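Just below is one structure, and these are the notes that go with it.
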Amino acid sequence: MPDQAEELRRLARIHLKSAKVIAIASGKGGVGKTNLSVNLSIALALMKKTVTMLDFDLGLANADLLFNAVPRYNLSHVLSGKTALRNALVSPYPGVKLLPGTSGMEELADLPENDQQKLFNLLESIQRDSDFIIIDTSAGVSKNVINFAACADEIIIITTPEPTAMIDAYAAIKLIAKNPEHGNIRIVINMAANKIEAEKISSGIIQVCTRFLNVYVEKLGYILADSSVSAAVKKKNPFVLQYPDSYASACVMQIAKRIILENEQNSSPVESGFFKKLFGFFRKSG
Ligand SMILES: Nc1ncnc2c1ncn2[C@@H]1O[C@H](COP(=O)(O)OP(=O)(O)O)[C@@H](O)[C@H]1O
Ligand SMILES: [Mg+2]
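If you're matching positions, the sequence shown starts at 2 in the working numbering and goes up one per residue.
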């Protein structure tokens, strides 16, 4: 790896245009990370933003399925040098690019140093190409996944109203908070019965995090339990496109609107800390 100062100077040069990096994480699996990643990417594109989505669920990469994309290459081909990144990116919808993931790969921090450097360069080159980078991550409170997610500008922790999912969300937040440079932590309640339930649960999580972890967590939104979600999954078409009038679509559009608004309100040329932090992440784990 080049020396750290040189690397940071190189990073400083590319900060003129930098995408906002949003990682979507959870404690428990099956709570809706991939559906949120995919539909939020499309929702942002419907609002005229450009998005690159990275499928970094190295355990169970399946974002391509939800987009009905049949990718020829994925992350592993890029890392092995079999193909260039531009050949691996697919465009399942105008304004959205997807780097398909690969299952059964080692965890990010366990990658050989050479692959880490490649991944780092790859992410860096993507950051200049879009307004947002959305990263779908693996479930669970694996330290590596959580530390990787903590590098993002925003970490969306998604949970359902089930106590098991909520406790796992809390455990994930606790781990993220151990990283002193973590990005903003936001909560999305998925599969909520109604707005009141969602508000109650997110307020509860926020309170517990403030009281016991001294960590500031903010609400980002909620998604109602809606049979359109699984119906759209079966049709292999994101629900915001397949069922634009569904409750779930309205909720995701609301989240996208909020993200764009907040991004515009903080539109001072503040650089994204993602790459600096990511560099530190690889250094520490290497
Ligand atoms: N808002 C929702 N309403 C109803 N079902 C949902 C909702 N969100 C997700 N699901 C269902 O939950 C399952 C898991 O979602 P997925 O996005 O794959 O979770 P994860 O990526 O966290 O494992 C999907 O099959 C989907 O049908
Ligand atoms: Mg998933």
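Heads up, the beta-carbon is just placed ideally off N, CA and C, and yes, glycines get one too.
As the structure is a prediction and not an experimental result, all values here were calculated from the model.
Could you tell me the distance, in whole angstroms, from the CA atom of residue i to the CA atom of residue j?
i    : j    : result
V349 : I43  : In the structure as shown, the chain begins at 2 and stops at 287. Residue 349 is therefore absent and cannot be evaluated.
G281 : D56  : 22 Å
N215 : I177 : 12 Å
K160 : V97  : Inspection of the sequence shows that residue 160 is occupied by Thr rather than by Lys. The straight-line gap from Cα to Cα measures roughly 25 Å.
V301 : N40  : No statement about residue 301 is possible, as the shown extent of the chain runs from 2 to 287 and does not include it.
A46  : Y217 : 29 Å
I188 : L86  : 31 Å
R129 : N122 : 12 Å
S204 : I174 : 15 Å
I202 : E219 : 12 Å
A170 : E163 : 11 Å
M2   : E114 : Because the pLDDT at M2 is just 48, under 50, the model does not fix this residue reliably, and the value given afterwards should be weighed accordingly. Taking the straight line from one Cα to the other gives about 8 Å.
A70  : S228 : 23 Å
L279 : N195 : 37 Å
Q208 : K119 : 40 Å
L66  : K179 : 34 Å
S139 : A232 : 23 Å
F29  : F213 : Reading off the sequence, residue 29 comes out as Lys, not Phe. Whole-angstrom Cα-Cα distance: 21 Å.
P95  : F68  : 12 Å
I197 : S92  : 37 Å
L90  : L100 : 5 Å
G82  : D116 : 10 Å
P270 : L124 : Residue placement at P270 is poorly supported in this model, since its pLDDT is 47, which falls under 50; the coordinates are not used for a value here.
A193 : A226 : 5 Å
At a cut-off of 8 Å, is residue i close to ligand 2 when judged by its beta-carbon and the heavy atoms of the ligand?
i    : result
A140 : yes
T161 : no
K34  : yes
N215 : no
N63  : yes
D137 : yes
D58  : yes
Going by CA-CA distance only, name the one from the options that's closest to residue i.
i    : options                   : result
L221 : D65, A257, A64 and N215   : A257
S126 : L225, A20 and S81         : A20
V32  : T84, G205 and I224        : I224
D132 : L279, E198 and I260       : I260
T329 : I135, D65 and L112        : Outside the shown range of the chain (2 to 287) lies residue 329, about which nothing can therefore be said.
D137 : G274, M254 and I25        : I25
C210 : V146, A172, A233 and A194 : A172
G274 : A199, A232 and E155       : E155
N264 : N36, K50 and T35          : K50
N36  : A166, N191, P72 and A199  : N191
Is residue i near ligand 1, with its Cβ less than 8 Å from a heavy atom?
i    : result
V91  : no
M134 : The question names Met, but residue 134 is Ile in the sequence shown. It does not: the Cβ of I134 is nowhere closer than 8 Å to a heavy atom of ligand 1.
V234 : yes
S126 : no
L41  : no
A249 : yes
S231 : yes
G205 : no
M192 : yes
D227 : yes
G30  : yes
L45  : no
I168 : no
I188 : no
I147 : no
S104 : no
I224 : yes
L279 : no
S77  : no
L55  : no
L37  : yes
S19  : no
S81  : no
S27  : yes
Q) Is the region 148-155 in contact with the region 181-189, if contact means three or more CB pairs nearer than 8 Å? A) Touching, yes.
(Q) Between the region 53-68 and the region 97-104, can you find at least three pairs of beta-carbon atoms closer than 8 Å? (A) yes
Q | contact_flag[the region 74-88, the region 230-238] where n(CB pairs < 8 Å) is 3 or more | A | no
Q | contact_flag[the region 242-249, the region 62-79] where n(CB pairs < 8 Å) is 3 or more | A | no
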